[in-house]
Amino acid sequence: MKYGFFVVSAFALSISAQDANLSFSLSSFKGTGETPIIQLGKSEFYPYDFNEHFLDVSVWRNQWTLWTNLEYSSPPRIGSSFAGLRKFRLSFENDRYSIKLGDLYGQIGRGLGLNMWENQNIDWDSSLRGIWINRDFSKRFKFDFIAGKAKGGRHLGVGEGIDPRRRDFSEDENILAISGYASKIIRNTDFGAYLILMNGNRSWFTLRESNDFQNVKVSSLKPGIFGKYNSEDVDIFFEFTSRIMRIHNVESIYSTPSFKWYSYQPKTSGRGIYFSSSYFPGNWGLTIELKDYLFDNANPDQRNHLPFKLGRSSLITGPPSTFKEHSSILLSRKAHVMDPDDELGFQVEFNYQANEDLFLTLNYSRSSRHSSFEKNTDEFFNSYWNNKKLSTPFIPSSNYGFHPFHEAYVELNYRYDPFGMNFTTGLSQANEVMLYFGQSYITSDTININTDEYRLNEFFHQRNLISIPSRLSFNLPKNLYFSLDMEHQWEGMDLVRKTSIINHNKTLSDSLENLDKEVLPYYYRYSSITFGKASRFSISFLLDYVSNTKTGDVFNTDPKQDNDLERILRRNEISLRNKWFGVEASMYLNPSTIITLFYGSIQGGLKCDNGVCVYVPGIDDSSVLSFVTNF
Amino acid sequence: MRKEFSVVFLFASILNAQFGELPPIKFDLINGERIKFEDLANKGVVVIDYWALWCAPCLNKMSHLDRFQKEFSNKGLKIVSVNIDSERSISKVKSYISSRGYSMLIAFDSSRENFRLVNGISIPYTILVNTDGKILYRHSGYVPGDETILRKKIQIALKISSDNS
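Protein chains in written order, with my numbering: chain V, 380 to 1010; chain H, 12 to 176.
Shown next as structure tokens:
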């Protein structure tokens, strides 16, 4: 309330002057339906309503601007209920200074050190509430001072019996950052350096269902450097940061007996490196990005509890993902979930404008973790994690234990003006090891123990994906249009058990003793047809289909559960098994005011942004009304 | 009481304020320069379009915007295409723009502060502003045919008869 009074008063005072300007935007979403909560073999549906309203108000006068964001949600589609002033920022800017007070967004470098951003659709918020002072010395030297507090939280994704709409835990961090930046020191080259101090609280507990968690104080010191080179057809960037992290009162973590099997170091260090380079001489361009992030190295026991791990990166660390982030519905549901604490790899993207109408994009990305862990049992039956480490920077491993990921993607965009046609199609081939467990023990006979040879049992899940997203649209007379989205995806989940004999003194090659592979096939389809008139109205029919679900659930087989739309379809003998149908109608009341009504069901799935992924649950038999305007 | 007073004062003040003006934004251009909106608006009508690489409708719209830039540049039209991808995508954006051969001004708003200030909710978000900074037209989203409507709005703003073009 103290912030509210301050902002409302400042706001009122500033616009009371005749030369103040004001603008508003309002977005409202109201829906009702059911959300599935996964129970293996028999997911349950819980009814819920959501009610989200946001009012953005900007006011400015001379060099002062005030932006406020008010929210009333009870509850939102994802996240916690809130009513009141959610965000605000008062800024002053002239040629030499800029001062911002309130909620801060932005990056230093490319985000390895500090990345303050927000996306309400995935309930992510790493913005700081505080002050940001930027001083520009003679257009060549800049200095930034940032101090504030981040209050965020994380979702752990889908899990049995879990309501994925809520955050699993929250955390807060006090941040103090200073940064210096020098432009054109050498021809076309800029350099910068920063130092970030973090002091925060993290909740930590072992079981997701448990309420038995404690707040643990953590702090870190993160110095970093970055540099840029720009010319007419070349762009090069690099950033390096290192982190020293302390967990205070480590001993207190072990006060509960069930936590004893963890061992945390009170002080750890990590680092992150990022490099990107682009060459764009004419009608083609080539971009290469490299990443090598090793802030925290976790064995599988710790990784199973990774989100709770105290050594993880700060909330405000958001390094580049360096793989293709797709807008396709199906591809984004199966996105690679980056581990910003332990990942290395590269991405290469090639763009080519073949002629005026044809544009081509090729993308290849590859990544893995830095370590592969195997559980070793020695001759005395002691078990411990054996950590095999990669030694080459930026080059990921293809060994299963390193959780390799790769994607090759090609996209073609073709425009044919006489028909007002636009056609985009893509082809993606990707595979990723989703789960790996390796266990090794000495081979022995009844008399002698041969300590040179080990038997390695490996169990892993590897996901293979082929996806074809495509979109076709036509302009019709009188600004009418028609568009068709069709996406197909084939998934083969390999469940592999492999046993090898490993010789540790390397004189013998590894020999495969047993390989057992089972492939679980899945097929997904998403399609939508839209007909409308530009800036007037549109009506869309949406269909989402899965051949079978991973949980073993079968959806939409009981006619008693049908909504009105499904009843019509079933009457026309259309199979509804594992299908989600929806109809969406939109109308523009004026060019900046749109009202939309959705009726039907939406399948849940991953939504990702900036490498952060959150499972957004589906809604069943729902209606959603949205209203967006600005003036 | 304090709350009620603030609300009454707020509404009284709103009646006094001016609407429909573009906030005092600055554009961080692809070549590293920083330019104020007023400096652009002094030279003619300005179209500001917010977009991102991951937004397919935005990319479709951009090709039409670039055509408008080429067609109406001698009439004083300036189109600023503002990318709101995070700063890490800058290399890719430069490569994309150069390959496409676009001639409009390209700017970055990685923190999305300007986007929020101009009340952007979804992208593509297009604003047509006259030389006085008055917003003549704003529109969110893109479907085929939207470019025809925008073209007409630009022609009206530039005071060109649609038969001439």
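The C-beta atom is built at its ideal place from N, Cα and C for all residues, glycine as well. From a predicted model like this one, the values you see are computed outputs, not experimental measurements.
On a CA-only basis, which of the options is nearest residue i? Give me that one, please.
{"i": "residue 38 of chain H", "options": "H:31, H:46, H:32", "result": "H:46"}
{"i": "residue 554 of chain V", "options": "V:505, V:572, V:582, V:968", "result": "V:505"}
{"i": "residue 437 of chain V", "options": "V:399, V:458, V:769, V:953", "result": "V:399"}
{"i": "residue 570 of chain V", "options": "V:659, V:609, V:970, V:514", "result": "V:609"}
{"i": "residue 1000 of chain V", "options": "V:507, V:727, V:413", "result": "V:413"}
{"i": "residue 872 of chain V", "options": "V:841, V:802, V:805", "result": "V:841"}
{"i": "residue 69 of chain H", "options": "H:43, H:125, H:92", "result": "H:92"}
{"i": "residue 864 of chain V", "options": "V:902, V:743, V:499, V:909", "result": "V:909"}
{"i": "residue 501 of chain V", "options": "V:923, V:972, V:533", "result": "V:533"}
{"i": "residue 944 of chain V", "options": "V:795, V:977, V:968, V:913", "result": "V:977"}
{"i": "residue 65 of chain H", "options": "H:101, H:41, H:78, H:43", "result": "H:101"}
{"i": "residue 742 of chain V", "options": "H:107, H:163, H:128", "result": "H:107"}
{"i": "residue 772 of chain V", "options": "V:925, V:717, V:749, V:856", "result": "V:749"}
{"i": "residue 455 of chain V", "options": "V:432, V:767, V:925", "result": "V:432"}
{"i": "residue 925 of chain V", "options": "V:972, V:877, V:709, V:801", "result": "V:709"}
{"i": "residue 41 of chain H", "options": "H:104, H:153, H:129, H:168", "result": "H:104"}
Can you list, in chain order, the residues of its chain with a C-beta nearer than 6 Å to that of residue i? Leave out the 5 residues immediately preceding and following it.
{"i": "residue 140 of chain H", "result": "33, 57, 146"}
{"i": "residue 753 of chain V", "result": "765, 817, 819"}
{"i": "residue 159 of chain H", "result": "none"}
{"i": "residue 49 of chain H", "result": "none"}
{"i": "residue 510 of chain V", "result": "480, 526"}
{"i": "residue 587 of chain V", "result": "Residue placement at residue 587 of chain V is flagged as unreliable, the pLDDT there being 43, under the threshold of 50; a coordinate-derived value is accordingly withheld."}
{"i": "residue 867 of chain V", "result": "847, 904"}
{"i": "residue 1004 of chain V", "result": "409, 976"}
{"i": "residue 862 of chain V", "result": "852, 909"}
{"i": "residue 927 of chain V", "result": "none"}
Tell me which residues share the same chain as residue i and place their Cβ nearer than 7 Å to its Cβ, disregarding the 5 neighbours each side in the sequence.
{"i": "residue 948 of chain V", "result": "955, 960"}
{"i": "residue 694 of chain V", "result": "505, 529, 531, 550, 552"}
{"i": "residue 809 of chain V", "result": "785, 786, 844"}
{"i": "residue 915 of chain V", "result": "967"}
Between residue i and residue j, what straight-line distance do the alpha-carbon atoms span, to the nearest angstrom?
{"i": "residue 119 of chain H", "j": "residue 575 of chain V", "result": "25 Å"}
{"i": "residue 63 of chain H", "j": "residue 121 of chain H", "result": "10 Å"}
{"i": "residue 759 of chain V", "j": "residue 874 of chain V", "result": "31 Å"}
{"i": "residue 480 of chain V", "j": "residue 451 of chain V", "result": "23 Å"}
{"i": "residue 573 of chain V", "j": "residue 487 of chain V", "result": "8 Å"}
{"i": "residue 745 of chain V", "j": "residue 88 of chain H", "result": "43 Å"}
{"i": "residue 652 of chain V", "j": "residue 698 of chain V", "result": "9 Å"}
{"i": "residue 73 of chain H", "j": "residue 659 of chain V", "result": "19 Å"}
{"i": "residue 493 of chain V", "j": "residue 445 of chain V", "result": "24 Å"}
{"i": "residue 605 of chain V", "j": "residue 618 of chain V", "result": "4 Å"}
{"i": "residue 833 of chain V", "j": "residue 783 of chain V", "result": "24 Å"}
{"i": "residue 970 of chain V", "j": "residue 622 of chain V", "result": "49 Å"}
{"i": "residue 921 of chain V", "j": "residue 851 of chain V", "result": "15 Å"}
{"i": "residue 585 of chain V", "j": "residue 598 of chain V", "result": "For residue 585 of chain V, the predicted structure reports a pLDDT of 49, less than 50, and the residue's modelled location is therefore unreliable. The matter cannot be settled from this model."}
{"i": "residue 132 of chain H", "j": "residue 611 of chain V", "result": "33 Å"}
{"i": "residue 979 of chain V", "j": "residue 958 of chain V", "result": "11 Å"}
{"i": "residue 568 of chain V", "j": "residue 788 of chain V", "result": "33 Å"}
{"i": "residue 136 of chain H", "j": "residue 730 of chain V", "result": "25 Å"}
{"i": "residue 460 of chain V", "j": "residue 838 of chain V", "result": "42 Å"}
{"i": "residue 654 of chain V", "j": "residue 157 of chain H", "result": "39 Å"}
{"i": "residue 603 of chain V", "j": "residue 931 of chain V", "result": "48 Å"}
Could you pull out every residue in the same chain whose Cβ sits closer than 8 Å to the Cβ of residue i, ignoring the five residues on either side in sequence?
{"i": "residue 711 of chain V", "result": "704, 705, 984, 985, 986, 987"}
{"i": "residue 81 of chain H", "result": "114"}
{"i": "residue 495 of chain V", "result": "483, 484, 485, 486, 505, 506, 507, 529, 695"}
{"i": "residue 97 of chain H", "result": "121"}
Evaluate residue i with the Cβ neighbour count: other Cβ atoms within 10 Å of its Cβ, from every protein chain shown; 16 or more gives buried, anything less gives exposed.
{"i": "residue 892 of chain V", "result": "exposed"}
{"i": "residue 798 of chain V", "result": "exposed"}
{"i": "residue 174 of chain H", "result": "Here residue 174 of chain H scores only 48 on pLDDT, less than 50, and its place in the model should not be relied on; the value that follows carries that caveat. Under this definition residue 174 of chain H is an exposed residue."}
{"i": "residue 1096 of chain V", "result": "In this structure chain V extends from 380 to 1010, so residue 1096 of chain V is not present and cannot be described."}
{"i": "residue 936 of chain V", "result": "exposed"}
{"i": "residue 814 of chain V", "result": "exposed"}
{"i": "residue 763 of chain V", "result": "exposed"}
{"i": "residue 564 of chain V", "result": "exposed"}
{"i": "residue 725 of chain V", "result": "buried"}
{"i": "residue 90 of chain H", "result": "buried"}
{"i": "residue 996 of chain V", "result": "buried"}
{"i": "residue 426 of chain V", "result": "exposed"}
For the stretch 462-474 of chain V against the stretch 664-675 of chain V, are there 3 or more C-beta pairs whose distance is under 8 Å?
-> no
Touching by the beta-carbon criterion (3+ pairs, under 8 Å), the stretch 643-659 of chain V and the stretch 508-528 of chain V | no
So does the stretch 767-780 of chain V actually touch the stretch 798-808 of chain V, counting three or more Cβ pairs closer than 8 Å?
-> no
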